[in-house]
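Residue numbers (the working numbering), protein chains in the order written: chain S, 34 to 341; chain X, 34 to 341.
Glycine is no exception: its CB is placed at the ideal position from the N, C-alpha and C atoms.
None of the values given here were measured: they were computed from a predicted structure.
Structure, as structure tokens:
Protein chains: 2
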Amino acid sequence: MTLQQLTYVIELNRCRNFALAAEACGITQPTLSAMLAKLEDELDVRIFDRSNKKVTPTTTGAKIIVQAERAVREASRISEIVAEEKGSVSGPLRLAASPSIAPYILPEFIRQYLKSYPQVSLTVEEMRTENMLNEIANGKLDAGITISGNVRDGIFEIPLYTEKFLVYLSEDCKRDQNEFRPEDLEHENMWIVKEAQCLRESAFSFCKARAKGKQIYEAGNIDTLIRIVDRNGGYTIIPEMHVALLNERQRKNVRRIEGDYLSERRVSLYIKDDCIRQNMLNTITDTLRRFMPEGMLNRRIAQYGIKL
Amino acid sequence: MTLQQLTYVIELNRCRNFALAAEACGITQPTLSAMLAKLEDELDVRIFDRSNKKVTPTTTGAKIIVQAERAVREASRISEIVAEEKGSVSGPLRLAASPSIAPYILPEFIRQYLKSYPQVSLTVEEMRTENMLNEIANGKLDAGITISGNVRDGIFEIPLYTEKFLVYLSEDCKRDQNEFRPEDLEHENMWIVKEAQCLRESAFSFCKARAKGKQIYEAGNIDTLIRIVDRNGGYTIIPEMHVALLNERQRKNVRRIEGDYLSERRVSLYIKDDCIRQNMLNTITDTLRRFMPEGMLNRRIAQYGIKL
DNA sequence: TCATTATGATAGATTTTATCTATGCAAAGA
DNA sequence: TCTTTGCATAGATAAAATCTATCATAATGA
Numbered sequence: 034m035t036l037q038q039l040t041y042v043i044e045l046n047r048c049r050n051f052a053l054a055a056e057a058c059g060i061t062q063p064t065l066s067a068m069l070a071k072l073e074d075e076l077d078v079r080i081f082d083r084s085n086k087k088v089t090p091t092t093t094g095a096k097i098i099v100q101a102e103r104a105v106r107e108a109s110r111i112s113e114i115v116a117e118e119k120g121s122v123s124g125p126l127r128l129a130a131s132p133s134i135a136p137y138i139l140p141e142f143i144r145q146y147l148k149s150y151p152q153v154s155l156t157v158e159e160m161r162t163e164n165m166l167n168e169i170a171n172g173k174l175d176a177g178i179t180i181s182g183n184v185r186d187g188i189f190e191i192p193l194y195t196e197k198f199l200v201y202l203s204e205d206c207k208r209d210q211n212e213f214r215p216e217d218l219e220h221e222n223m224w225i226v227k228e229a230q231c232l233r234e235s236a237f238s239f240c241k242a243r244a245k246g247k248q249i250y251e252a253g254n255i256d257t258l259i260r261i262v263d264r265n266g267g268y269t270i271i272p273e274m275h276v277a278l279l280n281e282r283q284r285k286n287v288r289r290i291e292g293d294y295l296s297e298r299r300v301s302l303y304i305k306d307d308c309i310r311q312n313m314l315n316t317i318t319d320t321l322r323r324f325m326p327e328g329m330l331n332r333r334i335a336q337y338g339i340k341l
Numbered sequence: 034m035t036l037q038q039l040t041y042v043i044e045l046n047r048c049r050n051f052a053l054a055a056e057a058c059g060i061t062q063p064t065l066s067a068m069l070a071k072l073e074d075e076l077d078v079r080i081f082d083r084s085n086k087k088v089t090p091t092t093t094g095a096k097i098i099v100q101a102e103r104a105v106r107e108a109s110r111i112s113e114i115v116a117e118e119k120g121s122v123s124g125p126l127r128l129a130a131s132p133s134i135a136p137y138i139l140p141e142f143i144r145q146y147l148k149s150y151p152q153v154s155l156t157v158e159e160m161r162t163e164n165m166l167n168e169i170a171n172g173k174l175d176a177g178i179t180i181s182g183n184v185r186d187g188i189f190e191i192p193l194y195t196e197k198f199l200v201y202l203s204e205d206c207k208r209d210q211n212e213f214r215p216e217d218l219e220h221e222n223m224w225i226v227k228e229a230q231c232l233r234e235s236a237f238s239f240c241k242a243r244a245k246g247k248q249i250y251e252a253g254n255i256d257t258l259i260r261i262v263d264r265n266g267g268y269t270i271i272p273e274m275h276v277a278l279l280n281e282r283q284r285k286n287v288r289r290i291e292g293d294y295l296s297e298r299r300v301s302l303y304i305k306d307d308c309i310r311q312n313m314l315n316t317i318t319d320t321l322r323r324f325m326p327e328g329m330l331n332r333r334i335a336q337y338g339i340k341l
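Put into structure tokens, the structure is as follows:
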């Protein structure tokens with residue numbers, strides 16, 4: 034069994050076609066056939082069923098593929114270690130952010146990052162927190178950005194920034210004051226985001242404190258919520274950074290929340306605690322630092338050996 | 034980079050000598066030299082410093098070796114998957130038990146296991162719980178046996194059995210009763226085991242409930258404790274299975290604990306939750322079942338997909 | 001200091017393996 | 001039925017891993 038055979042298996046699983054997979058691997062189709070046959074022979078098990086014009090993994094094959102991906106990934110880490118030791122910042126960087134955070138930081142982050150570190154091939158995706166932590170743990174992701182407070186063996190949390198929650202009021206119920214006192218609007222409808230786990234939990238805490246027995250509606254995302262508020266009245270909670278995405282008129286509807294209700298959320302970077310690619314991960318915090326408002330940044334990031 | 038090169042690196046790190054490592058790998062010394070040179074060339078970094086008659090890993094090399102071990106381990110899992118799918122029970126099985134449990138079950142376990150599954154190359158060692166869980170998580174161990182209640186991502190707990198705590202009294206303070214009422218001996222010294230984390234915690238709970246402000250002494254292991262009690266009077270707490278190791282005379286000093294003080298401990302098998310080698314792991318519970326007293330076994334093991 | 005020994009590196013030959021080109025063969029679709 | 005699609009096979013070739021033999025060097029010790 035060789036790493037190369039394993040990569041062939043992985044690629045074949047992606048393509049489900051010998052000719053295409055071979056091309057992707059930079060070899061010819063007969064070579065791929067032969068190598069697969071050899072591996073199957075050695076393991077004495079079929080990995081792909083190719084009897085009926087379709088290339089599909091066998092039951093055992095599917096498990097082998099998953100494990101092959103692990104093995105190849107671990108092997109590729111060796112090159113990353115070397116690059117890291119040389120202080121170079123290059124190679125692949127797989128980053129994720131939770132849906133309730135991504136829209137506020139990713140656009141600018143990507144722009145800044147690609148400019149600063151052109152040798153890094155950056156992959157960014159939105160991902161829910163739970164999934165994100167799993168992917169970090171198993172090495173498919175290098176880092177993830179989501180709400181602070183996730184504790185998990187083998188994963189470090191590195192605080193990034195703190196942002197306030199604000200209230201977005203409908204025009205109807207707008208008062209001529211700068212701060213929002215929850216008491217003012219107890220009779221109004223509060224709208225909150227559905228499914229955005231981390232944002233909703235925060236919002237719920239607020240709700241529980243405020244809206245005793247009141248009806249609560251959920252929408253798919255904050256933009257929709259704001260449109261709902263605009264049309265139907267009531268109010269919703271938005272994170273501070275969402276203000277940047279509002280238009281001139283809408284910004285007039287934003288109020289600070291008065292009092293001590295849970296009114297902020299902390300956001301952290303999550304990484305594997307194996308200490309590989311420290312330099313690479315520093316580039317993430319370096320980049321964030323460049324465009325985040327100074328007041329929101331958490332200085333104590335330094336204590337984790339990651340500078341900021 | 035090939036898996037073979039990585040195994041050469043690993044072996045060379047073990048031997049720290051080219052000729053010996055080459056022999057261990059079944060190749061000649063020049064081949065090993067060449068292969069290492071090739072890998073170092075490819076990575077463009079020295080893995081071993083061999084300038085001064087001694088073969089030692091460089092700083093980067095040390096990290097590479099650790100990662101190489103991971104990669105090779107993950108790759109070797111593929112063969113395990115295949116063996117598992119074929120229903121065969123063979124190959125290596127690395128098992129650990131915590132020091133406060135090992136002496137009671139390992140001797141008989143090993144005897145029974147080797148008899149039933151001669152194709153398995155069983156490795157057993159004593160290990161503290163914390164270390165054990167780490168080793169299971171990183172794949173160096175297949176399974177570990179210790180006190181129940183350790184929760185950790187990626188690791189399953191499978192309850193094995195429950196055993197009572199008993200009291201071992203000195204001859205002096207022996208009473209002519211079958212049960213031990215803690216009140217009877219509040220003025221006596223209670224001796225407990227030092228360092229045996231899991232046993233001590235249980236014992237401490239008991240102590241706290243009982244000996245308010247009383248002096249407590251600690252000894253290295255239970256055998257010593259019993260000798261201390263025999264000589265100095267007082268009492269100590271021992272797990273039920275320890276009785277089997279006591280001699281005729283000593284057994285007369287054992288009493289049940291009366292009342293509701295924490296008086297039992299649960300023991301579990303810990304395994305990685307990746308579901309590979311299910312058959313193999315079933316052999317562990319199968320074997321335990323064969324010689325454990327029926328009343329101590331936990332029936333609900335079945336719910337984890339592992340039969341018992 | 002100078003042979004001796006131990007240990008890794010190098011050279012060149014040889015074997016093994018991976019890969020290529022060309023072709024065969026079987027199933028699906030027209 | 002005939003064509004197309006797609007994997008397997010054969011035989012040749014290129015690349016690699018490995019071998020034997022030998023060299024170079026640093027530590028060892030008389």
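Top-ranked residue by Cα proximity to residue i, from the options
i: S/Phe142; options: S/Glu327, S/Leu321, S/Leu330; result: S/Leu321
i: S/Asn171; options: S/Arg106, S/Thr162, S/Gly266, S/Leu39; result: S/Arg106
i: X/Arg289; options: X/Arg47, X/Leu199, X/Lys148, X/Asp319; result: X/Leu199
i: S/Ala129; options: S/Asn312, S/Ile80, S/Arg310, S/Ile304; result: S/Ile304
i: S/Leu36; options: S/Arg264, S/Arg103, S/Leu258; result: S/Arg103
i: X/Ser154; options: X/Thr316, X/Ser66, X/Arg47; result: X/Thr316
i: S/Thr64; options: S/Asp82, S/Val184, S/Ser84, S/Val42; result: S/Val42
i: S/Phe324; options: S/Ser149, S/Pro132, S/Ser66; result: S/Ser149
i: X/Lys87; options: X/Val115, X/Ala52, X/Ala67, X/Leu126; result: X/Ala52
i: X/Ile97; options: X/Gly266, X/Leu314, X/Ile271, X/Leu72; result: X/Leu72
i: X/Leu258; options: X/Leu330, X/Ser203, X/Lys285; result: X/Ser203
i: X/Ser131; options: X/Cys48, X/Arg299, X/Ile60; result: X/Arg299
i: X/Tyr201; options: X/Pro125, X/Ile169, X/Arg282, X/Leu193; result: X/Arg282
Inter-residue spacing [alpha-carbon to alpha-carbon] between residue i and residue j
i: S/Ile134; j: S/Glu159; result: 9 angstroms
i: X/Ser121; j: X/Asp74; result: 41 angstroms
i: X/Pro326; j: X/Ile180; result: 18 angstroms
i: S/Thr167; j: X/Arg110; result: The sequence shown places Asn at residue 167 of chain S, not Thr. Straight-line Cα distance between these residues: approximately 20 angstroms.
i: S/Ile80; j: S/Ala55; result: 16 angstroms
i: S/Arg264; j: S/Arg144; result: 34 angstroms
i: X/Ser123; j: S/Ile255; result: 56 angstroms
i: X/Cys58; j: X/Arg185; result: 37 angstroms
i: S/Pro151; j: S/Arg127; result: 15 angstroms
i: S/Gly266; j: S/Arg83; result: 60 angstroms
i: X/Met34; j: X/Gln62; result: 19 angstroms
i: X/Met329; j: X/Arg260; result: 27 angstroms
i: X/Asn85; j: X/Ile270; result: 56 angstroms
i: S/Arg49; j: S/Val99; result: 15 angstroms
i: S/Ala242; j: S/Lys197; result: Low local confidence applies: a pLDDT of 45 at S/Ala242 is under 50, so the model's placement there is unreliable, with the coordinate-based value given in what follows. Cα-Cα distance, rounded: 17 angstroms.
i: S/Asp306; j: X/Tyr268; result: 45 angstroms
i: S/Leu314; j: S/Ile169; result: 13 angstroms
Nearest-angstrom Cβ-Cβ length linking residue i and residue j, presumed shorter than 8 angstroms
i: S/Leu146; j: S/Met274; result: For the sequence presented, residue 146 of chain S should be read as Tyr rather than Leu. Contact flag wrong, Cβ pair sits at about 18 angstroms.
i: X/Thr195; j: X/Glu297; result: 5 angstroms
i: S/Ile191; j: S/Ser301; result: 6 angstroms
i: S/Leu69; j: S/Leu45; result: 7 angstroms
i: S/Glu113; j: S/Arg310; result: 6 angstroms
CB of residue i within 8 angstroms of CB of residue j, strictly
i: X/Thr93; j: S/Glu118; result: yes
i: X/Val287; j: X/Val276; result: yes
i: X/Val157; j: X/Leu139; result: yes
i: X/Gly182; j: X/Met165; result: no
i: S/Ala101; j: S/Leu174; result: no
Got a sec: which bits of the stretch 112-134 of chain S sit with their beta carbon under 8 angstroms from any beta carbon on chain X, in order along the chain?
Hits within the stretch, in order: Ser112, Ile114, Val115, Glu118, Lys119.
Taking only beta carbons into account, state which residues of the stretch 280-314 of chain X come closer than 8 angstroms to chain S, listed in chain order.
Listed in sequence order: Ile309.
Using a beta-carbon distance cut-off of less than 7 angstroms, what residues from the stretch 83-111 of chain X approach chain S?
Listed in chain order, the positions of the stretch 83-111 of chain X with a beta carbon within less than 7 angstroms of a beta carbon of chain S are Thr93, Lys96, Ile97, Gln100, Ala101, Arg103, Ala104, Glu107, Ala108, Arg110, Ile111.
Any residues in the stretch 42-55 of chain S with a beta carbon nearer than 7 angstroms to a beta carbon of chain X? Which ones, in chain order?
Under the 7 angstroms Cβ criterion, the stretch 42-55 of chain S contributes no residue.
Residues of the stretch 159-178 of chain X in Cβ contact with chain S at a cutoff of 8 angstroms, in chain order, please.
Contact residues of the stretch 159-178 of chain X toward chain S are Ala170 (C-beta to C-beta distance below 8 angstroms).
Taking any Cβ of chain S, which residues in the stretch 184-201 of chain X have a Cβ under 8 angstroms from it, in chain order?
Result list: Arg185, Asp186, Gly187.
Closer than 8 angstroms, Cβ to any Cβ of chain S: which residues of the stretch 62-77 of chain X, in chain order?
Listed in sequence order: Leu76, Asp77.
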